[in-house]
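Read through the structure below, which is laid out as C-alpha cells, and then see the notes.
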Amino acid sequence: MSQQEPSSDQFSGRMGLIFATIGAAIGTGNIWRFPRMVGANGGGSFLVPWLIFLFLWSIPLIIAEFALGKRSRTGTVGTFRIFAGPKFAWMGLWTAWISTAIGFYYAVVTGWCLNYFQTAIRGGLSQGVDTTEVWNNFLQAPGQVIIYQMIAILITMAAIWRGAKAIEKANVMLMVSLFVLLFTALFLAFVMDFEDGTLDGFVYMFSIQPEYLMEPETWINGLSQSAWSCSAGMGMAITYSVYMRKDEDTTLNAATMCLANNSISIIAGLTVMMAVFAVSDDPLSAVGGGSSAITFLVLPEVFAKAPGGPAIQLLMVAVFFLALSFAALTSMISTVELCVRNFVDHGVDRSQAVGFTSVAIFLFGLPSAALWILVDESTGVAFPQFLEVQDHIWGYGLMFSGLFIAYSIWKYGWSRYKSWQEENEVEDFDMGDYVDNGVSAFRDDFINTGDNDWWIGRWWDAIMYIGFPAMFAVLMLSYFSDLLLNVHDPWNPTNPHGISIILLFWGVTAFIFISLNKYVLVNRMVPTKDSPWFWPLSRDFELEPRPLFRNVPEGADAPIDMLPGGSDPFVVQAGETLPDSFVDEYGETRSHSTATVEAELV
Amino acid sequence: MSPIDATRVEQAEARSRRVPMTAMLLPLLLSLIAPASLVSPVEAQDAEPGYAPEDIWSDEYAFQIFPWGGNERVQFKTYHDYFTMKDRMQFLSDRNPEFISYHEGLIGGINARGNEMGSDDYEGWYYNHASPWVKITGDVAGGDCNDFVGDCGNYADRPDVMFVGNHHAREWMSYTVPMLFIETVAYYYGQAGVDNDGDGLIDEDPWDGIDNDGDCAMLNASNQDYNGDGVACGPGDLGVDEDFSEQFITDLVNTREIYVIPMLNVDGNRYDREEYCGETAWENCRTSGWRKNLRDNTVTGFTPLPDVDEEVDEGCDGVDLNRNYQFEWGAPLGATGPLFPGMCYAGGPNNDVYNGPVDTVDNDEDGKVNEDHVDGKDDDADGLVDEDWMGGNSEPETKFIQDLTEMNDDDGDGSSEFKSTITWHSFSELVLWPWGHCTECVSPDDEYLIYHGNVMAQMTDYAPMQSSDLYPTTGDFCDWHYGVHDSYCYTIEIGNAFHELPEDIAHIAVRNLGISFYMSEIADDPRYRAIVGIENTTTRQWLADPANVTVPENGDIPVELCLDTSFPYTTQIERTHLMWRFVEPTRQQNDFGPTEWVDVPWMMSAFADTEDSCVLLDGANGTMLMSHIPMPDTSVGKIQYKAMLGTTNGAFPFTYPTVDEGGNYYELAIPYRASFGSAVLAVLMFLVIASFVWGGLGYTLRAMFDDERGVIGLPEDGG
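The listed protein sequences correspond, in order, to chains A and B.
The opening position of the first sequence corresponds to residue 92 in this note's numbering, with each subsequent residue numbered one higher.
The opening position of the second sequence corresponds to residue 144 in this note's numbering, with each subsequent residue numbered one higher.
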C-alpha cells in the first residue's frame, strides 16, 4: 500500500473532517428515520425532546468522544482500555457493537436506497405508479433485497479500502448534491401541501400536543433519535478523531456537526410531512403508523408531481435516491470504518479487517433483509419486522454507550482528584475540592486544550456528572415501566414489542463482552499444546497482553501515562517496538509472542 | 327487473293502451261510473308520471267497489244500523250455511259459575236485543253442538278466536270492521285464485301493510295516498294488501272457530243512533256520542230511557262495558274509572266510564262477601281462585261474553278455547295489548304481545303500545281475556273519530281487515308464533357495518341499528346497547412495528328511537335505532363495535353482527378529525426550532471561518 504519510493517516483539513463527520451523521437517520419518528410521536411534541437532547446529550457526548479519540488515538476498544482501564475495554466493544449492529440493518436500508435509485432510472417510479405495490414487491422478494444489500456493502468496502483520504473526497461530493436535492424536494412538497390552501403537514410537524409530552415514549424516542442521527455514543466521533491533525478543534466541530445534522433533519422531516399530508387521505395514520416505508412510499409521489414533465421528474427522483444512497453510504462507511479501526488498532491488516468486517455485516444483515417481512393489515404496506426490532433494540442501546463514555470521564476525574489529594496531602473528601480538581479534570486536560474555537464551561461537567446518569435512569425506568404497563404480554420472548426480547439481546451481548474482556480484548490466548481445535475450551492456553497501536500524528503530543490504562507497556504508538516480555498475573516475567513481529499498521 | 316485474309493466302498458279504446267504445258507461275517467287517464299521464288507478286495475277495485255487490251499507259507503247489520249477518249465514252460522245471545242453562241463565239474561236492558253474532268455521253445522251457547261446529282441535266490536255505542267503525271481515270470508271462502284487483296477478299482495307488488308505487303521486293520511302507499291506500290469498282464508276458516260479535252493545248503539246523535252522527257527533250501555242507574228506580233532557240521569245511566269485566274490576289505580268502584257521579268526570255496581252476592256461599277478587290469585287462601268477586260482569252484554267464553269448552278441559281475541274501538289509530290495569308493569308474555302488536301495527300503520301506556283502565275486555283466560287479546283503536265520515268507511275498514286474519292465524299457538316470528326477524335486522357508518366531521359517531318493526325491542341500556371500544396502536409499538391492539374493555352506549325508517335485509321497512359513540375529534385508531339487542323481557340477547357476518364485532377506522393545530403556534414553534438549529449552525460556521474572532466562551482569566 502506498502511503503519503507513512506514520499516520489524517484528514487533509478542517473541511475534510467536517464533511466526513457530517457525512457520517447525515444519513438515512435524517431522511428515513426522523420523519417517521416525528409522525409517530405527535409532531411538534417530538421536536421538544429532540431539541433538548441535542444540547443536553448529543453535543456534549460528541465533544467527549472527540476529546477521547483525539487523545487515545485508537478506536473504541482501545479508547476505553486507555481511559476506563483494562477491565473496561468491553465497554469499547459494546460501543463498537452497537454501531456495527446498526450497520447490519443499515446496509439493508442502504440497499433499499440503491434499489430505488435504479428503479427510478428505469422509470419505475414515474407518475401513476402505485408506490405501495413497488415497495411491497421489492420487500417481499428477499433475493433482490439481499443483492442490493450486498452491492451497498461492496461500494462501502471500495470506499474504505484506501483510508481517510478517499472517505473525505467521496463525502464532499455526495453531501453537496444531497443538500441541493433536499431543498428541491422541500420546495416541491411545500407547493403540493399548499395546493389546498393549508399547510397541514407544516402545522402538524410544529404543533405541540401536550399529551404526547406526558409520555416517556416521546422523550426516549427524542433522545434515541437525536443520538442515532448525530451518531452520538456510536463511537463514530472517537474513530474519526483518530484521523484528526494534532491541533484540530474538537468542540466547535462537534457542535457544527450536530447542528448541521439536525438542520438537515428538519428539512427532510418537513419535506416528508408536507408530502404525506398532501398525498395521503389519512395522513395521520400514514405517518403515525411509524412505518419504516414511509420515505419510500411518499417521496416518489412527490417527485412524480414535479413540474417540467416526465424527463425532469425522472431525473429528480433518480438523483434524489442517488443522493439518499450516497448519504446512506457515507454513514455506512463510518460504521465499517469504526469496526475496522478497532481491528487495525490491534495489529490486524487493514485490508483483511475491511474484508472480514464487510462479510460479517453482510451475513448478520441477512435476517434484517429477509426475515419477518410482514404486511400491515390496516395499510397494506409491507414492513420488515426483524429490521424494525433491531432498530428498536440497538437504537436504545446507544444510551448505554453514552453512559459508558460518561463513566470513563468520571473515572478519570476521580483518579485526578485522588492524585490531587496525595499531592496536597488531603485525606478527607471535600466536595468543593472534588469539583475543582476532579470533576473539571477531563475538561481541563482534554477538551480545553487550546486548539478549540469554543471554550467549554462548567455546564459540560454538570451534564456529564449529573445530567447523564439522571437522564439515563429516568428514561430507562420510564421506558421499562411503560413497556410493562402498555404492551400486551411483555415477557413473552417471541413478542417483538416485548421486554424480554430487548433484555435478551442486551443481556447476552453484555455477558459475552464482559466475559471476553480478559481473554480477548486486553489479553490474548496463546495455546500451550498442539491441540488446535479445543484449546480455548480445555484451558490449555496462557494469556499474554494484547498489543494496542495508537495512530498518533507526527509531532503531536498525546501523552496517556496519566490515564488508567495508559501505563500499559503494550499500548504503543504505531511504529514503536513492543516490549519483548511482560509480567503475568502470577508475577512471572515471560516473553511476548509478537515481540519480534513488526506491526503493520493502517 | 325480475320476470314478474317485467310482466307487470307489460300488462300495465297494455292496459294503458287499452283504456282510450275502451273510452271511445263505452263513453256513456264510464261516464256514469266516474265522469272524470273519460279524460283523466290521458291528462293524468301528461301532468305527472305514473298511472291512474283505473289504468292498472279493474274499475271495480280502482273505485273500491267490493265484489259482493249490494247496497251502500253492504258496500261500506255508509253505516249499517243494528237491523240492517243483523239482516246482513243472517243473509250471509243463510247463503253460506256450511261455514257461517248466525246467533243472537246465548240459549242459557246452568253456566260455568253454577247460575241458572235464561236467554233473556243476555238481552239489553232497554231495547231487549241480545247481541247478534256469527260463528265461522268449516262445517259449522257439524262437530259438537253446545246446548248452552246454541252453536254447533265445535271441534276440540280447532283453536277459537273471538272478535268483538262496539263495546262502546258511538264507535261505529268498531262494528263495521268485523262486518267487512264477515263479508270477506263469506265471499272468498272456497274460491281459488281470485284476481282481486284485476291486474292479472293472483295473490300477489297479502296483508302486511306493504305494497308488495309495487302497483301502488306505479300510480301517479296524487293517487298514492288514497286515504289521505299523508303516507303514500301505506295501509288503507289503493294497491296495498289488495290481493290476498283466498286459499289462506279457506284454510283458516277450516282450522279455526271464529266467533264474530260485531255489535256487543246493541242497546247503546241504537240509543246513540236513534236518540243521542241521530242517523247522520258524523255531522254533529263526530268525536262525541253515547258510550255506555243502557243500564238504569237512576236513584228513583225508573227511567225508561236516558235522554238528552233528563238532567240527573243522562250521564249516570249506563255502564261502560269495557270497564265491567271482572279482572281487577274497579281497582282504583288511577285508572279511568270512578274514585269508588260501583259509584256513578252525575255530571262528574268519570260517569262515562262507570264500571257497574258492586257485587253484593256471596258468590261462593261461604258467609263472606267479595273476599277473593278476580286477579288470578287465591286472595283468601281457601284453595279457590277468584271465586268471590267484587264486581263486574254485571251487564247482560258482559255476561254474554263471560258465558260464551266460559261455556264454550270444546275439549272439556275447563279452560277457555279462545286463544286470541280482538276488541275494536275508536279512535286514535292504536294497537293495544295488556296490561291495562297497572302502570309500570308488564305481563309475563310482554315481548310476545309486543311482537304480534308490532306486526299488526305494521299492517295498519297504527301505533303499538301497552294499553296502560295510553291510560290505565280496569275491568276491560283484554285484561280479563288475557288475565283470566290466557288469551292473546288486542284492543284496536280504529280511525280518527267516533263517527267517521261515510266516504272514509271503506278504506278505514280495509286498512283494519288484515288484523282479523292475522289474529285467526296465530290462534293455534300465539306464544310459539311469537317466538318463531322474533327469531325470523332477527335474521333480517342489521347493525350498520363500517362501510355504512359515516364518521362525521366532528363529534360523536352515529351507528344505526335497523330492526324489524315487529321486533319487541327495549331501549333500556342494560339490554339493548352498542358495545364498543376504541383501540389505538400503543405508542410502544408504533415507532417500529405494526399495529397491535392491547386489551381494552368494552364500553356501552344506549340506543335511542329515531323518526327515521330503514331498509331491512329483505327490503322491507324497519325501525331505525341510533346509538352514538362518543369520540374526541383528536382520536385516531379503530373502533370495534357490536350491538347487543334485548327484548322487553330480556329473554333474547341478540347480537349484531351475527356470526354469519363473520366475526363478533365490526371494526371502524377513525381518522384524525380535529385540526392539526394552530398555524400561528406552529409558525412560532418553527421559529424557535429553526433559530436554535439553523441559527446555531450559522453561528458555529461563522465562528469557524472567522479567524479574527477569539475562542467562543473563553473566560476572562484565559481558561
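The C-beta atom is built at its ideal place from N, Cα and C for all residues, glycine as well.
With its beta carbon less than 8 Å from one in chain B, N353 of chain A belongs to the interface. In the DSSP assignment, the residues bridged to G261 of chain B are B:G251.
For M128 of chain A, the enclosing alpha helix (DSSP H) covers residues 125-131. Look at the region 266-300 of chain A: the residues with a C-beta under 9 Å from a C-beta of chain B are T289, L290, D291, G292, F293, V294, Y295, M296, F297, S298, I299, Q300. Distance from the CA of E471 of chain B to the CA of Y614 of chain B, rounded to the nearest whole angstrom, comes to 15 Å. Residue contact check for T347 of chain A against chain B: a CB pair falls below 8 Å. With 16 or more other Cβ atoms inside 10 Å of its own Cβ, W200 of chain B counts as buried. Rounded to the nearest angstrom, the gap between the Cα atoms of F179 of chain A and N614 of chain A is 12 Å. The beta carbon of W425 of chain B lies closer than 8 Å to those of A640, H642, E643, L644, P645 in the same chain, with the five residues before and after it left out.
If you check each beta-carbon in the region 133-157 of chain A against every beta-carbon of chain B, the ones closer than 7 Å belong to G135, L138, L142.
Counting every other CB atom within 10 Å of its CB across the protein chains shown gives A564 of chain A a total below 16, marking it as exposed. Counting the other Cβ atoms within 10 Å of the Cβ of C584 of chain B gives fewer than 16, which makes it exposed. When the beta-carbon positions are compared, P177 of chain A and D659 of chain A come within less than 8 Å of each other. With at least 16 other beta carbons inside 10 angstroms of its own, E428 of chain A counts as buried. The Cβ atoms of E266 of chain B and G293 of chain B lie no closer than 8 Å to each other.
Within the region 469-552 of chain A, the alpha helix (DSSP H) runs of at least 4 residues that lie entirely inside it are, in chain order, 476-515, 522-525. C-alpha of A175 of chain A to C-alpha of A243 of chain A: approximately 35 Å in a straight line. Annotation: Cβ neighbours of M828 of chain B in chain A (cutoff 8 Å, chain order): G135, L138, F297, S298, I299. The shortest C-alpha to C-alpha distance from D300 of chain B to any of B:D552, B:T503, B:N370, B:Y222 is the one to B:D552. For secondary structure counted as the beta strand (DSSP E) over 3 or more consecutive residues, the region 784-837 of chain B holds these complete runs in sequence order: 797-799, 809-813. Rounded to whole angstroms, the gap between the alpha carbons of L388 of chain A and A116 of chain A is 24 Å. Residue-level contact check: P695 of chain B does not touch chain A, since none of the beta carbons of chain A fall below 8 Å from its beta carbon. Every unbroken stretch of the alpha helix (DSSP H) spanning 4 or more residues and falling wholly within the region 611-640 of chain B is given here in chain order: 620-628.
The DSSP-derived three-state label of F274 of chain A is helix.
In terms of CA proximity to T719 of chain B, B:L788 leads the group B:E636, B:R845, B:L788.
Legend: CB atoms of the region 525-551 of chain A lying less than 7 Å from CB atoms of chain B belong to residues N539, N543, D544, W545, W546, G548. In chain order, S354 make up the part of chain A whose C-beta sits under 7 Å from the C-beta of W837 of chain B.
When DSSP reads this structure, V501 of chain B sits in a beta bridge with B:G534. DSSP places M406 of chain B outside both helix and strand once states are collapsed to three, so it counts as coil. When C-alpha distances from F543 of chain B are compared across B:T790, B:D667, B:L407, the shortest belongs to B:L407. Distances from the CA of T426 of chain A to each of A:M407, A:G324, A:A345 were compared; the closest alpha carbon is that of A:G324.
The beta carbon of Q218 of chain B sits closer than 6 Å to those of F209, all from its chain and outside the five residues before and after it, given in chain order.
Note that the region 546-560 of chain A does not touch the region 280-288 of chain A; fewer than 3 beta-carbon pairs, one per stretch, sit closer than 8 Å. For V726 of chain B, no Cβ of chain A is located within less than 8 Å of the residue's own Cβ. Just measuring C-alpha positions, the residue of A:C321, A:L607, A:A250 sitting nearest F417 of chain A is A:A250. Boundaries for I651 of chain A: no alpha helix (DSSP H) harbours it, and the DSSP string shows neither H nor E there.
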